[in-house]
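Peer 1: Next up is a structure, given as structure tokens.
2 protein chains.
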Amino acid sequence: MTDPRWLDDAEQRAWRGYVRMQSKLNAQLNRQLQTDSQLSLSDFAVLVHLSEVPDRSLRVSQLAQALHWEKSRVSHHVTRMERRGLVKRVECPTDGRSAFVVMTDCGQNAIDAAAPGHVDTVRRLFIDDLTADQLKALEAIAGQVLARLDDEECRT
Amino acid sequence: MTDPRWLDDAEQRAWRGYVRMQSKLNAQLNRQLQTDSQLSLSDFAVLVHLSEVPDRSLRVSQLAQALHWEKSRVSHHVTRMERRGLVKRVECPTDGRSAFVVMTDCGQNAIDAAAPGHVDTVRRLFIDDLTADQLKALEAIAGQVLARLDDEECRT
DNA sequence: CAGAGGTAGTTGACACATCACCTAAAACGA
DNA sequence: TCGTTTTAGGTGATGTGTCAACTACCTCTG
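Heads up: the protein sequence lines correspond to chains A and B, in order. Throughout the first sequence, residue numbering follows this note's numbering, covering 129 to 284 in sequence. Throughout the second sequence, residue numbering follows this note's numbering, covering 129 to 284 in sequence.
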């Protein structure tokens with residue numbers, strides 16, 4: 129490692145601001161969803177993906193891909209959600225290794241009940257404070273950084 | 129809850145991009161720090177704050193305030209870091225309730241060793257891909273959103 | 001100086017994430 | 001067809017984060 133290029137002032141401010149925003153925003157969104165709907169952001173993400181798909185059913189690996197989660201994370205999370213009746217596992221008849229994750233009616237109700245409050249919170253805490261230009265800037269930043277992250281990931 | 133205002137296309141793109149960037153970036157930064165230096169981002173944050181302070185020592189509540197963490201989180205984390213010898217607890221002689229968290233030499237070495245690689249990763253994955261304007265935009269966004277978040281928090 | 005109330009910190013229970021490893025069922029090639 | 005490899009998914013251990021409840025100590029007021 130050659131002499132590191134420390135962050136200059138502007139970089140420092142941007143980075144620390146971003147980190148702090150990110151962590152607080154996450155915490156608040158989680159808290160709102162949890163207290164108002166007894167769901168975590170992760171539960172919500174899983175349910176969203178299942179609700180957007182025919183039969184409300186995806187294989188574990190598809191879910192992992194859609195969510196950009198590791199399969200083990202999906203598996204653990206599905207186990208917990210299954211315990212609460214939000215989803216259930218169904219074995220695949222044609223491939224003995226495979227398992228479907230199916231959203232139950234209870235899961236559907238949960239997300240229907242949670243979605244409006246969640247969107248509202250996302251707006252209140254984030255979207256509605258930003259101008260159209262800022263949204264565009266953010267989208268661009270996310271795009272660039274994600275490209276870099278994906279790139280880096282492949283290289284591994 | 130009146131009819132929710134769902135996100136329009138641009139908002140959707142910005143929001144989803146941000147969420148995804150945020151989660152992947154976090155994961156990668158954590159992974160790099162972990163594999164190269166056996167530290168988590170949280171460990172790193174604690175050590176940074178301790179290293180910037182006289183005696184490398186802060187009371188738990190000061191640490192909590194500096195990091196914007198709950199005191200319970202600090203307590204748990206300090207326990208884990210203490211187990212690894214990165215910090216130690218010292219009772220306060222003047223206030224029997226209080227405890228100091230002091231960075232050990234081992235902790236100092238750990239952060240000295242970790243910092244260059246971490247900054248480098250932050251640059252590679254994030255900062256260096258962004259223009260000065262983008263950094264300024266990001267700082268502004270973070271500022272606005274944080275103001276809103278703090279505001280919301282007080283209100284509670 | 002008693003005791004009411006606040007403050008500093010810890011603890012236990014639980015949810016979450018990651019890692020390394022494991023099992024079983026395909027798929028495939030000699 | 002047999003044995004190897006790949007693929008789908010699950011498991012256990014460990015570290016992390018949150019909440020609610022708790023202990024011990026300080027402080028302040030009558």
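Virtual Cβ for every residue (Gly too), placed ideally from N, Cα, C. Owing to the predicted nature of the structure, the values given are computational and were not obtained by experimental measurement.
If L157/A and V174/A are in contact, beta carbons under 8 Å, what's the gap, nearest whole angstrom?
Peer 2: Actually they are not in contact, since the Cβ atoms of L157/A and V174/A sit about 15 Å apart, beyond 8 Å.
Peer 1: Can you pull the chain B neighbours of A142/A, defined as C-beta to C-beta under 7 Å?
Peer 2: Neighbours of A142/A on chain B, chain order: L263, L266 and E267.
Peer 1: For the segment 180-204 of chain A, list every residue whose C-beta sits within 8 Å of some C-beta in chain B, in sequence order.
Peer 2: The residues in question are H196.
Peer 1: Does Q236/B have its Cβ less than 8 Å from a Cβ in chain A?
Peer 2: Not closer than 8 Å to any Cβ of chain A, the Cβ of Q236/B fails to qualify, so no.
Peer 1: Using a Cβ cut-off of 8 Å (strictly closer), state whether A175/A contacts chain B.
Peer 2: It is Leu, not Ala, that sits at residue 175/A in the sequence shown. Output row for L175/A: interface = no.
Peer 1: Taking the beta carbon of Q150/B as the centre, do at least 16 other beta carbons fall within 10 Å, making it buried, or is it exposed?
Peer 2: By the neighbour-count rule (16 or more Cβ atoms within 10 Å), Q150/B is buried.
Peer 1: My understanding is that V206/B touches M231/B, with C-beta atoms under 8 Å, so please give their C-beta distance in whole angstroms.
Peer 2: 11 Å between Cβ atoms; not a contact.
Peer 1: Around the C-beta of Q160/B, are 16 or more other C-beta atoms found within 10 angstroms, so that it is buried, or is it exposed?
Peer 2: Counting Cβ neighbours within 10 Å, Q160/B comes out buried, since at least 16 surround it.
Peer 1: Whole angstroms is fine: what's the gap from D257/A's alpha carbon to M209/B's?
Peer 2: Going by the C-alpha atoms only, they are around 38 Å apart.
Peer 1: Counting only runs of 3+ residues fully inside the segment 178-219 of chain A, write out the beta strand (DSSP E) ranges in chain order.
Peer 2: Counting whole runs of 3 or more residues, the segment 178-219 of chain A contains the beta strand (DSSP E) stretches 185-187 and 215-219.
Peer 1: Anything in the segment 233-260 of chain B with a Cβ closer than 8 Å to a Cβ of chain A? List those residues in chain order, please.
Peer 2: Per Cβ criterion, the list reads A243, P244, G245, V247, D248, V250, R251, R252, L253, F254, I255, D257, L258 and A260.
Peer 1: Report yes if the CB atom of R253/B is closer than 8 Å to the CB atom of L153/B, and no otherwise.
Peer 2: Correcting the residue type first, residue 253/B is Leu in the shown sequence and not Arg. Closer than 8 Å, so yes.
Peer 1: Indicate whether at least one CB of chain A lies closer than 8 Å to the CB of Q162/B.
Peer 2: By this cut-off, Q162/B is not an interface position.
Peer 1: With a CB to CB cut of under 8 Å and the five nearest residues on each side skipped, what residues in its chain are close to W143/B?
Peer 2: Result list for W143/B: L135, in chain order.
Peer 1: Return no unless some Cβ of chain A is closer than 8 Å to the Cβ of L277/B.
Peer 2: Yes, because at least one Cβ of chain A sits closer than 8 Å to the Cβ of L277/B.
Peer 1: Smallest Cα separation from C220/B: which of S185/B, A243/B and A275/B?
Peer 2: Taking only the C-alpha atoms, the option nearest C220/B is S185/B.
Peer 1: What's the gap between the Cα of D240/A and the Cα of E281/B?
Peer 2: One C-alpha to the other measures close to 26 Å.
Peer 1: Relative to the C-alpha of R276/B, which candidate in R276/A, L274/A, R251/A and D279/A has its C-alpha closest?
Peer 2: Comparing Cα-Cα distances from R276/B to each of R276/A, L274/A, R251/A and D279/A, the minimum goes to R251/A.
Peer 1: Closest to N237/B by C-alpha separation, out of V218/B, V229/B and G213/B, would be which residue?
Peer 2: Checked all of V218/B, V229/B and G213/B; the closest Cα to N237/B is G213/B.
Peer 1: May I ask you to report which of helix, strand or coil DSSP gives F172/A?
Peer 2: It is helical.
Peer 1: Determine, using beta carbons only, whether Q156/B comes closer than 8 Å to chain A.
Peer 2: Taking Cβ atoms only, chain A reaches closer than 8 Å to Q156/B, which makes this a yes.
Peer 1: Using 10 angstroms around the beta-carbon of E198/B, count the other beta-carbons present and answer buried if the total reaches 16, otherwise exposed.
Peer 2: Under this definition E198/B is an exposed residue.
Peer 1: Taking buried to mean at least 16 other C-beta atoms within 10 Å of its own C-beta, is H246/A buried or exposed?
Peer 2: Label assigned to H246/A: buried.
Peer 1: Can you pull the DSSP bridge partners for M231/B?
Peer 2: Note: M231/B sits in a beta bridge opposite V215/B.
Peer 1: Please confirm whether L178/B has its beta-carbon closer than 8 Å to some beta-carbon of chain A.
Peer 2: Judged by the 8 Å Cβ criterion, L178/B is not in contact with chain A.
Peer 1: With H, G and I counted as helix, E and B as strand and the rest as coil, what does DSSP make of D279/A?
Peer 2: D279/A: helix per DSSP, three-state reduction.
Peer 1: Can you name, in chain order, every residue of its own chain whose Cβ lies under 8 Å from the Cβ of E227/B, other than the five neighbours on each side?
Peer 2: In the sequence as presented, Glu is not what sits at residue 227/B; that position holds Ala. Cβ within range, chain order: R187, V188, R217, V218, E219 and C220.
Peer 1: At a CB-CB cut-off below 8 Å, which residues of chain B make contact with L167/A?
Peer 2: Neighbours of L167/A on chain B: none; closest Cβ ~16 Å, over 8 Å.
Peer 1: Is T222/A helix, strand or coil by DSSP?
Peer 2: The answer is coil: DSSP assigns T222/A none of H, G, I, E or B.
Peer 1: G235/B: buried (16+ other C-beta within 10 angstroms of its C-beta) or exposed?
Peer 2: With 16 or more Cβ atoms within 10 Å of its Cβ, G235/B is classed as buried.
Peer 1: Could you tell me the distance, in whole angstroms, from the CA atom of R148/B to the CA atom of D278/A?
Peer 2: In a straight line, the C-alpha of R148/B is about 11 Å away from that of D278/A.
Peer 1: Quick check on R217/B - is its C-beta less than 8 Å from some C-beta in chain A?
Peer 2: Taking Cβ atoms only, chain A never reaches closer than 8 Å to R217/B, which makes this a no.
Peer 1: Drop a sphere of 10 angstroms on the beta-carbon of D171/A, count the other beta-carbons inside from all chains shown, and report buried for 16 or more, exposed for fewer.
Peer 2: Looking at its Cβ environment, which holds 16 or more other Cβ atoms inside 10 Å, D171/A is buried.
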